[in-house]
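Per the working numbering, the very first residue in the sequence shown carries number 52; after that it's consecutive. Single-structure report; data block below.
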Amino acid sequence: REALGAREPADAVRVQGWVRSVRSQKEVLFLHINDGSSLESLQVVADPSLEKDLTFGSAVEVQGKLVKSPHRMQNMELQAETIRVVGPCDIWSFPLKMKERHPLEYVRQFPHLRCRNNTLGALLRIRSQATAGIHSFFQDNGYVHIHTPIITSNDCEGAGELFQIEMSSEAKESAEKTHFFNVPAFLTVSGQLHLEVMAGAFTHVFTFGPTFRAENSQSRRHLAEFYMVEAELSFTESLQDIMQVMEDLFKTVTSTVLSKCPHDVELFHKYIAPAQKVMHVTGNNCNPVVISYGEAVEILKQAPQTFTFKPEWGCDLQTEHEKYLVKHCGEVPVFVVNYPYDLKPFYMRDNEDGPQHTVAAVDLLVPGVGELCGGSLREERLPFLESRLQRLGLTDAYQWYLDLRKFGSVPHGGFGMGFERYLQYILGVDNIKDVIPFPRFSHSCLL
């Protein structure tokens with residue numbers, strides 16, 4: 052990338068990378084070399100006598116002079132004086148082929164090699180910039196980054212789709228079948244409850260790390276291991292505050308990605324997704340629509356199409372419903388607020404409304420993906436929380452959570468955003484398995 056961006060010629064330049072193409076003519080040899088720092092490769096011009104063992108995919112070190120390129124599509128090229136093959140590549144057994152645009156489904160079979168594919172390389176650079184953008188957004192807005200644990204004794208979602216942690220059989224025999232932690236332990240489904248602990252000492256906190264769901268699904272929307280961005284805000288009594296942070300995070304990070312990785316994003320919009328699919332992503336003119344759950348159900352009931360799952364008050368919105376609502380609202384992001392009390396977990400704040408009892412919850416739905424973010428105000432009133440936990444038989448398990456309401460409790464709320472779904476949306480990638488380096492899903496854990 053530095054060589055491509057250089058403004059002046061330079062002597063004694065050394066470049067290391069992998070060969071993306073080799074073209075030998077009678078009097079000149081052309082190579083394209085890429086080191087993963089950019090989508091564009093550097094053209095190397097050399098004497099044909101230097102061609103020994105040079106094949107597509109081989110790792111090389113080239114020394115020579117950086118000169119202005121006569122080619123109008125590039126600024127600089129490297130005139131090679133020496134080329135050393137660091138690692139040869141057997142092109143006959145190498146599953147990626149030169150100048151071939153491999154489908155994402157094809158490269159998914161080779162998790163150890165697919166990062167060498169242009170599309171996955173672009174994705175991983177975008178993913179890196181989006182990660183940096185998320186951290187910058189929260190740091191710039193005064194949030195404290197918390198490392199929430201991956202091993203936990205909580206089931207935050209209450210859905211029961213947990214991976215339980217057990218010792219290997221040998222270790223288990225020596226421990227006489229006791230729990231390693233003395234209690235059942237699981238891989239985390241969310242860092243939210245741990246963030247709520249921290250929100251008792253810091254007004255703004257966030258976490259960004261792997262989460263796990265033992266969902267027996269191979270759908271295009273689900274992974275067993277994925278990354279979540281989660282934030283918690285103290286001293287907030289308004290769902291609008293939570294929605295504003297969701298929106299600001301989304302717009303800020305997206306504008307960072309678009310400015311830092313324009314060529315990588317363009318690759319997706321040109322070859323992977325039709326441009327119109329992501330036309331509403333690009334920033335400040337993308338204003339979300341806000342509807343209540345009740346309004347959403349009415350819109351669905353009046354829809355001219357037949358759904359697999361009949362929309363009724365009290366039922367969760369399915370993917371088909373989410374996608375219809377987004378379409379109905381003009382293919383822009385949609386906030387759905389105030390969900391039925393019995394549909395949501397115990398920690399969501401009771402709206403004390405009737406007869407259709409709701410909680411202060413919000414989901415952000417986006418085109419092509421459906422649900423991207425979910426959040427709520429948390430129930431900070433001790434009597435409300437005690438009675439709900441008692442009804443659910445969870446009082447003993449969550450005594451510590453009740454304690455948070457006894458000692459300096461404040462109104463607070465927060466949300467989580469699925470990082471892979473975010474990438475799916477801004478890039479228009481159909482399958483979530485293609486936006487993570489090493490996808491884990493039911494019946495598949497390659498590498």
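Where is the CB? At the ideal position from N, CA and C, for every residue including glycine.
Beta-carbon proximity list for residue i, same chain, < 8 angstroms, skipping 5 on both sides
i	result
Phe-286	Thr-254, Val-461, Pro-462, His-463
Leu-55	Ser-89, Glu-91, Leu-93, Gln-125, Asn-126, Met-127
Glu-371	Phe-358, Thr-359, Phe-360
Lys-484	Arg-159, Arg-271, Leu-274, Pro-490, Phe-492
Gly-381	Val-340
Pro-60	Lys-116, Leu-117, Val-118, Lys-119, Met-127
Thr-446	Glu-437, Leu-440, Leu-453
Glu-288	Leu-428, Pro-462
Ala-183	Thr-307
Assigned secondary structure, residue i (DSSP; H/G/I helix, E/B strand, else coil)
i	result
Ala-275	coil
Ala-236	coil
Val-79	coil
Val-64	strand
Lys-352	helix
Ile-84	strand
Ala-448	coil
Ala-57	coil
His-320	helix
Gln-475	helix
His-245	helix
His-314	helix
Asp-104	coil
His-196	strand
Asp-414	strand
Phe-231	coil
Ser-120	coil
Phe-188	helix
Val-95	strand
Val-308	helix
Ala-125	The sequence shown places Gln at residue 125, rather than the Ala named in the question. Three-state DSSP puts Gln-125 in coil, outside helix and strand.
Ile-177	helix
Thr-182	helix
Val-296	helix
Thr-303	helix
Gln-327	With a pLDDT of 45 at Gln-327, under the threshold of 50, the modelled position of this residue cannot be trusted; read the value that follows with caution. Of the three classes helix, strand and coil, the one that applies to Gln-327 here is helix, per DSSP.
Thr-203	strand
For residue i, the residue or residues it bridges with in DSSP
i	result
Gly-467	Glu-281, Gly-425
Pro-162	According to DSSP, Pro-162 bridges with nothing at all.
Ala-265	Answer is none; Ala-265 lacks a bridge partner.
Gly-115	Val-64, Ala-131
Gly-260	Met-279
Ala-347	In DSSP, Ala-347 forms no bridge with anything.
Gly-138	Ala-110
Arg-74	Phe-81
Val-486	Paired residues: none, contrary to the question.
Ser-495	Phe-492
Asn-215	Sequence check: residue 215 is Gln here, not Asn. In the DSSP output, where bridge partners are listed per residue, Gln-215 has Phe-237.
Trp-69	Asn-85, Ala-110
Cutoff 7 angstroms; reference residue i; Cβ partners in own chain excluding five residues on either side
i	result
Met-402	Before going further, note that residue 402 is Asn rather than Met in the sequence given. Only Asn-389, Thr-409, Val-410, Ala-411 meet the Cβ criterion.
Val-385	Pro-339, Val-340, Ile-342, Leu-376, Val-377, Leu-416
Gly-425	Asp-414, Phe-466, Gly-467
Gly-87	Gly-172
Tyr-194	His-255, Val-256, Phe-257, Ala-282
Same chain, Cβ closer than 6 angstroms to residue i, neighbours up to 5 away in sequence not counted
i	result
Phe-189	Phe-257
His-558	Outside the shown range of the chain (52 to 498) lies residue 558, about which nothing can therefore be said.
Val-296	none
Problem - the stretch 472-491 touching the stretch 162-178, judged by at least three CB pairs closer than 8 angstroms - result: yes
Problem - Sufficient close CB pairs (3 or more, under 8 angstroms) joining the stretch 442-457 to the stretch 240-259 - result: yes
Practice task
Decide yes or no for the touch test of the stretch 431-442 against the stretch 404-420: beta carbon pairs closer than 8 angstroms, at least 3 of them.
Solution key: no
Exercise for the section: Say whether the stretch 63-78 touches the stretch 104-121, bearing in mind that this needs 3 or more beta-carbon pairs closer than 8 angstroms, one atom from each stretch. Expected result: yes
Practice task
Please confirm if the stretch 267-282 is in contact with the stretch 379-399, defined as three or more CB-CB distances below 8 angstroms between the two stretches.
Solution key: no
Exercise for the section: Return the chain-ordered ranges of every beta strand (DSSP E) run that is complete within the stretch 345-411 and spans a minimum of 3 residues. Expected result: 385-391
Practice task
Would you be able to state if there are at least three C-beta pairs under 8 angstroms between the stretch 467-475 and the stretch 280-297?
Solution key: yes
Practice task
Count the CB pairs spanning the stretch 74-83 and the stretch 92-111 that are closer than 8 angstroms, and state whether there are at least three.
Solution key: yes
Practice task
Evaluate contact between the stretch 302-317 and the stretch 342-357, counting only Cβ atoms and requiring at least three cross-stretch pairs below 8 angstroms.
Solution key: no
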